[in-house]
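To convert a position in the sequence shown, counted from 1, into my numbering, add 4.
Below is one structure, written out as structure tokens, with a few remarks after it.
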Amino acid sequence: MEHRDRATGWQHAKLSGHKNEDLVKNLLDENIDFQRSFLCRVNRANARITDTSIGGLHETNVPSVNGRKTKSKTDLKVFLDTNEVINVSIKKSLGGQVYFVRAGLFIDTFEKQFGVKIPVDVHRAINLFWAAADDAVSIIEEYGDRSIPKNYDLQLRHKSLNATTLRAYDEHLYDVLLSWFTDNAYELAKLSFSMGAVRDRSEWSDFVWYINLLGENDTDNIFFIEDVCNAVQKVAHEETYYGTSYGGTTIQLPFGFVQWHQGQLQFHHDYDKICDLLK
């Protein structure tokens, strides 16, 4: 297998993702059996597809709740003769990044999308865990466990506290951060799969379609995102916890996990976890 550095790997994933979307669109446009299968699975068996469109390489940004532009969560729009539009997020991989955002923008987006205020202590804990607190380095130097140098050094390099250091510094913040992610599992899944920072509801995704027509895996499964979100919340108390690697740098979620990446919250999806949820 050829080796790719991170940037080339990312570019390859993006291009192959668009190629996969093109193949899905072509099948929907041209293959009657494929059309019927899709319509049955999105509960529109009596409808007919009149048109399809994909964002692809020329996707345009849409207005966000933050007063700027953002990427739409919808990869595929399917227009029906019932005047309905089915918005679909296509995943060609069984895992990977599903939402990527800086701490301050994450808080602002969450509050605006759901009309709530994130408590001050949770806000503080998010900033400490995701490299947005000015005093993170001094806290790590005072409370970090130096007996495992790689964990300690990683925190200093990232300017973010792991779970072990957060707990040593302030057990209340350690507890409320996990509680908040548990209590808001529904909203976090909705944000990750359907909404992002997109302002216009007509641009939110209704379904997530795990399908790969490039021969990398043989998945073809469509999930109604609202069902995923509801299932996620039901098991949130058992399935939301701090990861164990590097002193706890992730929060495991019912649909995947969230971690530090390039100073941002990087939410990952996990096909197997979602399948288990909806069994």
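Where is the CB? At the ideal position from N, CA and C, for every residue including glycine.
Every value quoted in this text rests on a predicted model; they were computed, and no experiment measured them.
So, with DSSP's three-state summary, where would you put residue i?
{"i": "residue 99", "result": "strand"}
{"i": "residue 124", "result": "helix"}
{"i": "residue 260", "result": "strand"}
{"i": "residue 112", "result": "helix"}
{"i": "residue 132", "result": "helix"}
{"i": "residue 163", "result": "coil"}
{"i": "residue 255", "result": "strand"}
{"i": "residue 202", "result": "strand"}
{"i": "residue 151", "result": "coil"}
{"i": "residue 269", "result": "strand"}
{"i": "residue 5", "result": "In this prediction, residue 5 has a pLDDT of 40, which is less than 50 and means its spatial position is unreliable; what the coordinates show is noted afterwards. The answer is coil: DSSP assigns residue 5 none of H, G, I, E or B."}
{"i": "residue 76", "result": "coil"}
{"i": "residue 239", "result": "helix"}
{"i": "residue 222", "result": "coil"}
{"i": "residue 46", "result": "coil"}
{"i": "residue 69", "result": "coil"}
{"i": "residue 40", "result": "helix"}
{"i": "residue 189", "result": "helix"}
{"i": "residue 216", "result": "coil"}
{"i": "residue 169", "result": "helix"}
{"i": "residue 280", "result": "helix"}
{"i": "residue 174", "result": "coil"}
Can you find a CB in chain C that lies within less than 8 Å of the CB of residue i?
{"i": "residue 147", "result": "No chain C is part of this structure, which consists of one protein chain only."}
How many Å lie between residue i and residue j at the Cα?
{"i": "residue 72", "j": "residue 66", "result": "9 Å"}
{"i": "residue 90", "j": "residue 59", "result": "14 Å"}
{"i": "residue 48", "j": "residue 216", "result": "22 Å"}
{"i": "residue 85", "j": "residue 54", "result": "6 Å"}
{"i": "residue 249", "j": "residue 171", "result": "15 Å"}
{"i": "residue 181", "j": "residue 64", "result": "35 Å"}
{"i": "residue 56", "j": "residue 267", "result": "37 Å"}
{"i": "residue 224", "j": "residue 39", "result": "13 Å"}
{"i": "residue 269", "j": "residue 135", "result": "9 Å"}
{"i": "residue 35", "j": "residue 77", "result": "25 Å"}
{"i": "residue 253", "j": "residue 283", "result": "29 Å"}
{"i": "residue 83", "j": "residue 158", "result": "48 Å"}
{"i": "residue 176", "j": "residue 169", "result": "12 Å"}
{"i": "residue 221", "j": "residue 97", "result": "8 Å"}
{"i": "residue 166", "j": "residue 146", "result": "13 Å"}
{"i": "residue 188", "j": "residue 116", "result": "14 Å"}
{"i": "residue 160", "j": "residue 281", "result": "37 Å"}
{"i": "residue 127", "j": "residue 120", "result": "13 Å"}
Hey, residue i and residue j are a contact pair by Cβ (cut 8 Å); roughly how many whole angstroms apart?
{"i": "residue 272", "j": "residue 100", "result": "6 Å"}
{"i": "residue 68", "j": "residue 235", "result": "Residue 68 to residue 235, Cβ: 27 Å. No contact."}
{"i": "residue 25", "j": "residue 79", "result": "5 Å"}
{"i": "residue 132", "j": "residue 183", "result": "That pair is no contact at about 15 Å."}
{"i": "residue 218", "j": "residue 20", "result": "6 Å"}
{"i": "residue 251", "j": "residue 149", "result": "7 Å"}
{"i": "residue 92", "j": "residue 209", "result": "6 Å"}
{"i": "residue 32", "j": "residue 103", "result": "With 8 Å as the limit, residue 32 and residue 103 do not qualify as a contact, their Cβ atoms being about 26 Å apart."}
{"i": "residue 130", "j": "residue 173", "result": "About 14 Å separates the two Cβ atoms, so there is no contact after all."}
Using alpha carbons as the reference points, say which of the options lies closest to residue i.
{"i": "residue 88", "options": "51, 149, 119 and 94", "result": "51"}
{"i": "residue 260", "options": "25, 154 and 243", "result": "243"}
{"i": "residue 211", "options": "241, 68, 81 and 74", "result": "81"}
{"i": "residue 277", "options": "246, 254, 129 and 232", "result": "232"}
{"i": "residue 186", "options": "93, 256, 96 and 30", "result": "256"}
{"i": "residue 263", "options": "245, 26 and 207", "result": "245"}
{"i": "residue 265", "options": "105, 42, 220 and 30", "result": "105"}
{"i": "residue 43", "options": "155, 143 and 213", "result": "213"}
{"i": "residue 193", "options": "126, 239 and 219", "result": "239"}
{"i": "residue 46", "options": "237, 281, 229 and 179", "result": "229"}
{"i": "residue 27", "options": "160, 94, 70 and 190", "result": "94"}
{"i": "residue 70", "options": "30, 114 and 33", "result": "114"}
Bridge partners of residue i, per DSSP?
{"i": "residue 81", "result": "57 and 91"}
{"i": "residue 211", "result": "92 and 228"}
{"i": "residue 245", "result": "256"}
{"i": "residue 274", "result": "99"}
{"i": "residue 105", "result": "269"}
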